[in-house]
Amino acid sequence: MSSVASGGGVRPSRRAVVLTTGLLVVFLLYSLAPTWFLIVSATKNQTDLYSTFGLWFSTNHLGDNLHDIATYHDGVFLRWLGNSVLYSTLGAAGSTLISLAAGYGLSKFDFRGRGAFFAVIVGASLLPSTLLAFPLYLVFSEIGLTNTIWSVLIPYFINPFGVYLGKVYADSSVPTELMEAARIDGAGDLRVFASIALPLMRTGGITIFMLEFINIWNNFFLPLFMLNGERTFPVTLGLYSWLQQAQTARDMNTLVLTGSLLSIVPLAIFMFTLQKYWRSGILMGSLK
Amino acid sequence: MSTLTRPAKAATDSPARRPSPRRGGRRGAYKGPLFMLPFLLGFLATYVVPIGYAFSQSLHEKKSSGLGFGPTRVVYTGFANFASVLADSAFWASMGRTLLFGAAQITVMLGIALLLALLLDGVAARAVRFFRAALLIPYVIPAVVSTLMWLFLYSPTGSPLLDLAERAGAEISFFGGVNTYLSLGNLLTWQGIGFNMILISASLQALPRELYEAARLDGAREWRIAWSIKIPNITGILVLTGMFSLISRLQLFGEPLIMRQIAPESINTDFTPMMEIYDKAFKVGDYQYAAAESLVLAVVTGILAHVFYRATNRKMS
Numbered sequence: 006m007s008s009v010a011s012g013g014g015v016r017p018s019r020r021a022v023v024l025t026t027g028l029l030v031v032f033l034l035y036s037l038a039p040t041w042f043l044i045v046s047a048t049k050n051q052t053d054l055y056s057t058f059g060l061w062f063s064t065n066h067l068g069d070n071l072h073d074i075a076t077y078h079d080g081v082f083l084r085w086l087g088n089s090v091l092y093s094t095l096g097a098a099g100s101t102l103i104s105l106a107a108g109y110g111l112s113k114f115d116f117r118g119r120g121a122f123f124a125v126i127v128g129a130s131l132l133p134s135t136l137l138a139f140p141l142y143l144v145f146s147e148i149g150l151t152n153t154i155w156s157v158l159i160p161y162f163i164n165p166f167g168v169y170l171g172k173v174y175a176d177s178s179v180p181t182e183l184m185e186a187a188r189i190d191g192a193g194d195l196r197v198f199a200s201i202a203l204p205l206m207r208t209g210g211i212t213i214f215m216l217e218f219i220n221i222w223n224n225f226f227l228p229l230f231m232l233n234g235e236r237t238f239p240v241t242l243g244l245y246s247w248l249q250q251a252q253t254a255r256d257m258n259t260l261v262l263t264g265s266l267l268s269i270v271p272l273a274i275f276m277f278t279l280q281k282y283w284r285s286g287i288l289m290g291s292l293k
Numbered sequence: 021m022s023t024l025t026r027p028a029k030a031a032t033d034s035p036a037r038r039p040s041p042r043r044g045g046r047r048g049a050y051k052g053p054l055f056m057l058p059f060l061l062g063f064l065a066t067y068v069v070p071i072g073y074a075f076s077q078s079l080h081e082k083k084s085s086g087l088g089f090g091p092t093r094v095v096y097t098g099f100a101n102f103a104s105v106l107a108d109s110a111f112w113a114s115m116g117r118t119l120l121f122g123a124a125q126i127t128v129m130l131g132i133a134l135l136l137a138l139l140l141d142g143v144a145a146r147a148v149r150f151f152r153a154a155l156l157i158p159y160v161i162p163a164v165v166s167t168l169m170w171l172f173l174y175s176p177t178g179s180p181l182l183d184l185a186e187r188a189g190a191e192i193s194f195f196g197g198v199n200t201y202l203s204l205g206n207l208l209t210w211q212g213i214g215f216n217m218i219l220i221s222a223s224l225q226a227l228p229r230e231l232y233e234a235a236r237l238d239g240a241r242e243w244r245i246a247w248s249i250k251i252p253n254i255t256g257i258l259v260l261t262g263m264f265s266l267i268s269r270l271q272l273f274g275e276p277l278i279m280r281q282i283a284p285e286s287i288n289t290d291f292t293p294m295m296e297i298y299d300k301a302f303k304v305g306d307y308q309y310a311a312a313e314s315l316v317l318a319v320v321t322g323i324l325a326h327v328f329y330r331a332t333n334r335k336m337s
């Protein structure tokens with residue numbers, strides 16, 4: 006970038022180092038500043054939110070905000086958090102198990118139409134789930150399933166990309182010889198799957214679980230289409246409904262901001278716990 | 021990595037292992053599909069049936085008898101809805117707007133991600149891990165929450181950005197005209213930089229060092245190596261991420277919908293195709309038309325994906 010970098014060779018010039026670091030720091034600040042703003046804002050009351058500088062603290066009202074959020078509307082926010090945990094955990098667990106079984110079936114058995122199945126699965130995993138939301142709503146409302154937790158859970162269970170990953174992991178981590186040996190020892194197919202294949206596909210399972218957990222936690226449009234009773238909302242939809250109310254009724258901005266911060270916390274804990282799988286998960290998820 | 025047991029590992033390493041055609045015959049004929057059964061049933065229920073049902077719905081229209089006050093009946097009208105969607109200039113305008121906006125925003129986003137990945141490629145290893153983790157934070161924040169955060173930063177009341185601008189003597193607004201697009205584009209760019217940077221970094225790391233070691237010994241400067249050697253060798257990943265980003269932009273929904281809460285005059289109900297579908301279905305109540313729009317959007321997405329797939333496959337082979 007600079008023309009002064011003289012001397013050539015392998016060592017970068019001092020000026021290049023300064024420029025590189027400077028640019029990286031600028032983008033670092035850009036990345037972090039909004040989250041910093043959220044943390045600062047969660048400690049303010051309504052007046053300070055508007056009257057003090059947004060990127061620095063004023064008098065601390067975090068305790069009041071947390072109290073408000075826990076008590077507003079009989080603690081509906083805590084229910085939303087609970088719903089998110091429930092949807093993410095059950096949805097991800099279900100889809101992981103279903104995906105691993107299907108991926109195993111696809112990888113380890115030869116049957117007619119296997120190639121066609123695989124092509125359909127790859128194609129379906131390219132189809133953005135946003136597009137399915139409305140057709141799903143039509144069917145689920147026809148059979149009276151909308152506004153129940155099943156209306157969101159059932160679609161979460163079915164994850165073609167998870168099946169694709171399941172097949173990839175089954176291909177690479179379950180040796181067919183081991184399956185043969187178990188069969189000779191008299192193990193049935195279900196037993197071979199449960200006690201030999203599943204443990205070997207553990208890494209793949211955790212990756213699928215993690216990707217799906219994050220997807221469900223972040224999901225917004227499927228619940229928006231399916232759910233209309235506040236009690237069943239996940240936290241993303243709940244925050245949106247608060248924002249809508251804020252335009253018409255009382256100013257709920259402190260609640261929205263504090264709630265937003267709180268909604269990240271469980272996700273952050275989850276990802277911190279599974280950080281080992283995090284990067285490979287991203288790279289895998291990117292294939293989608 | 022998982023802790024594989026020793027014999028399993030040995031077996032994994034054995035070269036003889038392949039997708040086992042000998043597993044065929046009668047054994048696998050029904051057992052493979054049996055393991056897939058839960059998925060296949062669910063796939064039927066959540067993909068095949070809904071798409072089929074949406075299609076059959078889209079062949080109908082709601083007609084009200086009398087002077088529009090009588091009870092409504094749903095009648096079969098063939099492809100009338102599709103004809104209307106294909107002739108609906110507002111629908112196509114929202115699609116064109118979204119694609120054009122997406123193309124511009126993705127170019128900026130990938131440009132910055134590429135720049136950061138190249139910069140990190142030349143920094144000390146310990147700093148790299150720190151920067152990578154920090155730049156990835158926006159990606160892990162739920163889209164709804166990051167939209168809310170930026171909404172407050174854009175809001176005319178209490179925004180620190182406007183405070184700073186005011187102190188500098190500038191008067192700015194984040195909505196209206198092109199500013200609406202810049203604000204939305206900034207939000208999406210902010211969310212996407214870290215993730216794309218990780219992907220580009222990974223493919224940079226996969227390049228063999230010898231590729232540019234020689235150039236370096238010849239005295240080529242880092243920017244020259246980046247431009248003439250590194251970038252040409254990672255166009256594959258750039259095209260791929262660009263393509264997936266563009267397809268996902270076509271489904272843009274949550275971010276503009278939430279922004280509409282404070283800028284309804286800048287972001288119309290048909291700002292993106294998905295917003296238009298949502299509006300037609302739940303505000304207007306015309307399920308049949310919304311179903312037709314969903315299917316047209318799905319087909320356009322499919323065509324786009326296919327064209328890109330063909331193009332990139334040729335490029336990468």
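So the sequence lines, in the order shown, correspond to chains A and B. Residue numbering for the first sequence follows this note's numbering, beginning at 6 and increasing consecutively. Residue numbering for the second sequence follows this note's numbering, beginning at 21 and increasing consecutively. Don't be surprised by glycine CBs; every beta carbon is placed ideally from N, CA and C. For clarity, every value in this text was computed on a predicted model and none was experimentally measured.
Check whether the Cβ atoms of residue i and residue j lie closer than 8 Å to each other.
i, j, result
"Y161 of chain A", "S130 of chain A", "no"
"G178 of chain B", "I159 of chain A", "no"
"S78 of chain B", "A311 of chain B", "yes"
"F226 of chain A", "G274 of chain B", "yes"
"P162 of chain B", "N70 of chain A", "no"
"T209 of chain B", "Q125 of chain B", "yes"
"G214 of chain B", "L156 of chain B", "yes"
"L139 of chain B", "L272 of chain A", "no"
"T212 of chain A", "Q51 of chain A", "no"
"L136 of chain A", "F123 of chain A", "no"
"V240 of chain A", "W85 of chain A", "yes"
"L317 of chain B", "P293 of chain B", "yes"
"K49 of chain A", "T40 of chain A", "no"
"L232 of chain A", "V157 of chain A", "yes"
"I297 of chain B", "T167 of chain B", "no"
"I74 of chain A", "T263 of chain A", "yes"
"T321 of chain B", "P133 of chain A", "yes"
"Y309 of chain B", "N101 of chain B", "yes"
"V5 of chain A", "A199 of chain A", "This structure cannot settle anything about residue 5 of chain A, because the visible part of chain A is limited to 6 through 293."
"G96 of chain A", "I221 of chain A", "yes"
Using 8 Å for Cβ pairs, my map puts residue i next to residue j. What's the rounded Cβ distance?
i, j, result
"L244 of chain A", "L229 of chain A", "Between L229 of chain A and L244 of chain A the Cβ distance is about 12 Å, and since that is not below 8 Å, they are no contact."
"V45 of chain A", "G68 of chain A", "So it is not a contact: roughly 15 Å between Cβ atoms."
"A154 of chain B", "S265 of chain A", "Wrong, their Cβ atoms sit about 20 Å apart, outside the cutoff."
"V69 of chain B", "H80 of chain B", "Their Cβ separation, rounded to whole angstroms, is 17 Å, which puts V69 of chain B and H80 of chain B out of contact at 8 Å."
"S114 of chain B", "F302 of chain B", "That belief does not hold up - the Cβ atoms of S114 of chain B and F302 of chain B are roughly 17 Å apart, past 8 Å."
"E313 of chain B", "F75 of chain B", "Not really, about 12 Å apart at Cβ, beyond 8 Å."
"K113 of chain A", "A175 of chain A", "6 Å"
"K250 of chain B", "L227 of chain B", "7 Å"
"M129 of chain B", "G212 of chain B", "5 Å"
"V197 of chain A", "M184 of chain A", "5 Å"
"S268 of chain A", "V165 of chain B", "6 Å"
"L202 of chain B", "P276 of chain B", "Not really, about 13 Å apart at Cβ, beyond 8 Å."
Residues in its own chain within less than 8 Å of residue i by CB, not counting five upstream and five downstream?
i, result
"G142 of chain B", "E242"
"T94 of chain A", "F218"
"L119 of chain B", "L266, R269, L270"
"T97 of chain B", "L79, H80, E81"
So, at 6 Å on beta carbons, what are the nonlocal neighbours of residue i in its own chain, with the 5 sequence-adjacent residues on each side left out?
i, result
"S286 of chain B", "F195, G196, T200"
Per DSSP, what are the beta-bridge partners of residue i in this structure?
i, result
"H80 of chain B", "B:Y96"
Going by beta carbon distance, what residues of the same chain come within less than 7 Å of residue i, once the five residues before and after it are set aside?
i, result
"A325 of chain B", "I267"
"F62 of chain A", "V45, T48"
"L224 of chain B", "A137, D141, K250, I254"
"R46 of chain B", "Note that R46 of chain B scores a pLDDT of 48, beneath 50, so its modelled location is shaky and nothing firm can be said."
Just to check, is the beta-carbon of residue i closer than 7 Å to a non-hydrogen atom of the ligand GDP?
i, result
"N253 of chain B", "Looking at this structure, you won't find the ligand GDP or any other ligand, since it has none at all."
Count the C-beta pairs between the segment 99-107 of chain A and the segment 53-71 of chain B that are closer than 8 Å, then say yes if the count reaches three, no if not.
At 8 Å Cβ cutoff, the stretches touch.
At least three beta-carbon pairs within less than 8 Å, the segment 256-273 of chain B to the segment 164-171 of chain B
Result no; under three Cβ-Cβ pairs closer than 8 Å.
Are the segment 64-80 of chain A and the segment 140-148 of chain A touching, with three or more C-beta to C-beta distances below 8 Å?
Too few Cβ pairs lie closer than 8 Å, so no.
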